[in-house]
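Working notes, structure below.
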Amino acid sequence: MDRLKRILARIDRKGYGAYKDITGTYDYRTFKLHVKHVQSDPFAPPGRFEAEVSLSILRLPSWALEDEVSRTATADWLLRRLHDVSRKFLRKRGSGNSGLYAFARPGQEIIQRSGVEIGAKALTIRFGIGLPADGRRINGRIAIKMLIEELPTIIQSIFPQQRHDAELKKHVETALDASFIRQKLKEKGLVAFIAEGAILPRASGVDNRPLDGAVPFNPSAELVISFKLPSGRRIKGMGIPEGVTLIAGGGFHGKSTLLEAIQFGVYDHIPGDGRELAVTVPAAVKIRAEDGRYISNVDISAFIRDLPSSIDTKHFSTEDASGSTSQAANIIEAIEMGATLFLIDEDTSATNFMIRDELMRELIRKEPIVPYIDRARELYSRLGISSIIVVGGAGDYLSVADTVILMEEYQPICATQRAKEIAQRRPYRVPDVPAFRSPSARRLRRNSVSPYRGRKIKVDAKSKHTILFGSNLIDLSAVEQIVEREQTRAIGKLMLYAIDKYGDLTVREMIEEGLSDVITEGFSVLRATDGFLTLPRSFEISTALNRLRGAVFD
Ligand code: ADP
Ligand code: MG
């Protein structure tokens, strides 16, 4: 630490480039600081820093580190604490990013993030610092204040005396309860569970916090099941069984809101989120139409047969998919990755992909599309893949549903029995179609993709829904289960890592191997790891890879 102080005093008033002299490791007695990379000018993104704190100094309670779920929740909470404390020291102190402390700001989900990782012996904290300058001249005095005085205060805010272990405990218990339910779902024949009292709507389309004054979730008695949680509480809520489930109801009665809560139930949520006990099986994938997407060699023949131009739909490729072909490809690619539950909203589906009513069947004789309604039951009986489908208009679906949930004024009512009676009067008969065959595993043709732009590797997230990969932009605007921009960044970096290391395996193996390296060895296996990466799921990584224009699969 004294050595760092001396260097900073020496380079005071020099050109900004002299900051690279501080690259290296410094001993702060209670932790080690690694200056990994220093920004090249005051306006560039802040440099990469790591603090390493030994677990013996942190003295975390044993319950905080007991199992994977607890460790993840603990790391998640510590990062939130560091972020909050660092904000108190935030002020502009010179040009560009001078004076910035950049700790990732986690959203509503409890997930593994690179900002804080718990190792066998030490905690790694990753963050950025905007090293201060006046114009392009180093301000050594402020740099000393930041690195020697303020930084230790921020890091020490997670030491035992300054920590609030009661709050940490609540965070850990919340994650444990949700994970417990997720584990039990299968055993109980369920695909999702939403507790009584949950708050599902969000504040706005861009604000993921709970909506103020929302009506709490209160399912009708027939749907209610109960759980005894590890925290000791017994709770009740709505269980959605395996099979084909419809969420029906008039417009604005909360159907899409319920489906969205289910799609994010693959993640654990922080206390106070409202969806802490809205839990879904891990391999749930939102499926929607996505006009214009890129597709390479996907067998969509189960849904789209002989196209007029005699295009082969067993090996379907396009630069510009239609609503129905994109939705079909999204399904097949998700099956390839091991999805067990599809979440479909009529609002974001291609109508001709979802249904074709009897009158149209009579009129149109040459129809290449086998609508989802003709496959939904079969997907479950043959492959064990359940569906939860939001429908307002397509009544034929009543005939293929196992469970019907009717939303009225944001409340779910069990309507399975009534739906059966109605469907019996005007049943929809699924026509005979050739049996669904599971898609075969594809491999990436490695030389079809390149992370280089010019001579440099360029892989980054331009926004929550755009990845720059070499000279290609990957459009993820229709990929709904991404939680934050840091996750999109991690998807990009993981693609790079997995292609490089496991590119000869099948797409699924390649992605799962890459992901499992990060889970077991930590984010440092990725390239130029900083504090702004959030663990993605294998599904979203494959989603990005499948949309990378130019990528060829065999
Ligand atoms: P639908 O899909 O049935 O048309 P939405 O789910 O889009 O309906 O919900 C319509 C509106 O009602 C949205 O603005 C949503 O935020 C709000 N909303 C949904 N659930 C609740 C609730 N439990 N309490 C208050 N407002 C809600
Ligand atoms: Mg809707």
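So for the sequence shown, our numbering puts the first residue at 153; every next one is plus one. From the three backbone atoms N, C-alpha and C, an ideal C-beta is built for every residue, glycine too.
Which residues mark the beginning and the end of the alpha helix (DSSP H) in which residue 122 is found?
Examination of residue 122 is not possible in this model, given that the chain is present from 153 through 706 alone.
Nearest to residue 578 by alpha carbon, out of 368, 601, 688 and 547?
The shortest C-alpha separation from residue 578 is found at 547.
For residue 290 and residue 159, the rounded distance between their alpha carbons:
Answer to the nearest angstrom: the Cα atoms are 12 Å apart.
Mind the definition here: the stretch 633-640 touches the stretch 676-695 only if three or more C-beta pairs lie below 8 Å; say whether that holds.
Verdict: yes, contact present.
What's the C-alpha gap between residue 599 and residue 635?
The straight-line gap from Cα to Cα measures roughly 31 Å.
What residues come near ligand 2, if near means a beta carbon less than 6 Å from any of its heavy atoms?
Near ligand 2, residues with a Cβ at less than 6 Å from any of the ligand's heavy atoms are 407, 408 and 499; the list follows chain order.
Any idea if residue 512 is buried or exposed, counting beta-carbon neighbours within 10 angstroms, 16 or more meaning buried?
With fewer than 16 Cβ atoms within 10 Å of its Cβ, residue 512 is classed as exposed.
Buried or exposed: which applies to residue 446, given that a residue is buried once 16 or more other Cβ atoms fall within 10 Å of its Cβ?
Buried is the label assigned to residue 446, since at least 16 other Cβ atoms lie within 10 Å of its Cβ.
Round the Cβ separation of residue 374 and residue 341 to the nearest angstrom and send it over; I've been treating them as touching at under 8 Å.
Taking 8 Å as the upper bound for CB-CB distance, residue 374 and residue 341 are not in contact here, some 16 Å apart.
Mind listing, in chain order, the continuous beta strand (DSSP E) runs of no fewer than 3 residues lying wholly within the stretch 357-435?
Secondary structure within the stretch 357-435: the beta strand (DSSP E) runs of 3 or more consecutive residues, fully enclosed, are 359-362, 376-380, 386-393, 396-400 and 430-432 (chain order).
Exposed or buried, residue 427, counting other C-beta atoms within 10 Å across all chains shown (16 or more means buried)?
Label assigned to residue 427: buried.
Skipping 5 residues on each side, what residues in its chain have a beta carbon closer than 7 Å to that of residue 560?
If you ignore the 5 residues before and after residue 560, its C-beta comes within less than 7 Å of the C-beta of 401 and 405, all in its own chain and listed in chain order.
Taking only three categories from DSSP, how would you classify residue 260?
In this structure, DSSP gives residue 260 a state outside helix and strand, which the three-state scheme calls coil.
Pull the bridge partners of residue 201 from the DSSP assignment, please.
Answer is 187 and 279.
Tell me whether residue 426 counts as near ligand 1, meaning its Cβ is closer than 7 Å to at least one heavy atom of that ligand.
The answer is no for residue 426.
Is the Cβ-Cβ distance between residue 706 and residue 595 less than 8 Å?
Yes, Cβ-Cβ distance for residue 706 and residue 595 is below 8 Å.
Kindly say whether residue 542, judged by its beta-carbon, lies nearer than 8 Å to any beta-carbon of chain C.
Within the model displayed, chain C is absent; a lone protein chain is all it includes.
Do the stretch 434-443 and the stretch 384-391 meet, that is, are 3 or more Cβ pairs less than 8 Å apart?
No: the two stretches stay apart, fewer than three of their Cβ pairs being nearer than 8 Å.
First through last residue of the beta strand (DSSP E) which encompasses residue 615:
Its beta strand (DSSP E) spans residues 611-615.
Identify the continuous alpha helix (DSSP H) that holds residue 662 and give its terminal residues.
It spans 659-673 - the alpha helix (DSSP H) in which residue 662 sits, taken as one unbroken run.
Quick check on residue 296: buried or exposed, where buried means 16 or more other Cβ atoms within 10 Å of its Cβ?
By the neighbour-count rule (16 or more Cβ atoms within 10 Å), residue 296 is buried.
Assign residue 396 to one of two classes, buried (16 or more other C-beta atoms within 10 Å of its C-beta) or exposed (fewer than that).
With 16 or more other Cβ atoms from the protein chains shown falling within 10 Å of its own Cβ, residue 396 counts as buried.
Look up residue 559 in the DSSP assignment and say whether it is helix, strand or coil.
Strand.
Run the proximity test for residue 367: is its beta-carbon closer than 7 Å to any non-hydrogen atom belonging to ligand 1?
Correct: residue 367 has its Cβ closer than 7 Å to ligand 1.
Can you tell me where the beta strand (DSSP E) with residue 238 in it begins and where it stops?
Where residue 238 is concerned, there is no enclosing beta strand (DSSP E), although the alpha helix (DSSP H) it sits in stretches over 220-239.
How is the beta strand (DSSP E) around residue 176 delimited, first residue to last?
Secondary structure note for residue 176: its beta strand (DSSP E) is the uninterrupted segment 176-179.
Taking the straight line between their C-alpha atoms, what separation do you get for residue 354 and residue 419?
Distance from the CA of residue 354 to the CA of residue 419, rounded to the nearest whole angstrom, comes to 16 Å.
Buried or exposed: residue 316, going by 16 or more other Cβ atoms within 10 Å of its Cβ?
Result: exposed.
Per-residue burial, residue 248 [other beta carbons within 10 Å of its own, 16 or more giving buried]:
Flag for residue 248 reads buried.
For the stretch 233-249 against the stretch 652-670, do three or more pairs of beta-carbon atoms, one drawn from each stretch, fall closer than 8 Å, so that the two count as touching?
These segments do not touch.
Is residue 284 near ligand 1, with its Cβ less than 7 Å from a heavy atom?
False, no ligand heavy atom lies under 7 Å from that Cβ.
Look at the alpha carbon of residue 537 and the alpha carbon of residue 490, and state the distance between them as a whole number of angstroms.
Looking at the two C-alpha atoms, the distance is approximately 9 Å.
Please determine whether the Cβ atom of residue 275 lies at a distance below 7 Å from any heavy atom of ligand 1.
Every heavy atom of ligand 1 is 7 Å or more from the Cβ of residue 275, so no.
Sequence-distant residues of the same chain with beta carbon closer than 7 Å to residue 173, five excluded per side
These residues qualify, in order along the chain: 159 and 163.
If we count the other Cβ atoms within 10 Å of its Cβ and call it buried at 16 or more, is residue 314 buried or exposed?
The residue in question, residue 314, is exposed, as its Cβ has fewer than 16 Cβ neighbours within 10 Å.
What residue range is occupied by the uninterrupted alpha helix (DSSP H) comprising residue 329?
From DSSP, the alpha helix (DSSP H) with residue 329 extends over 317-339.
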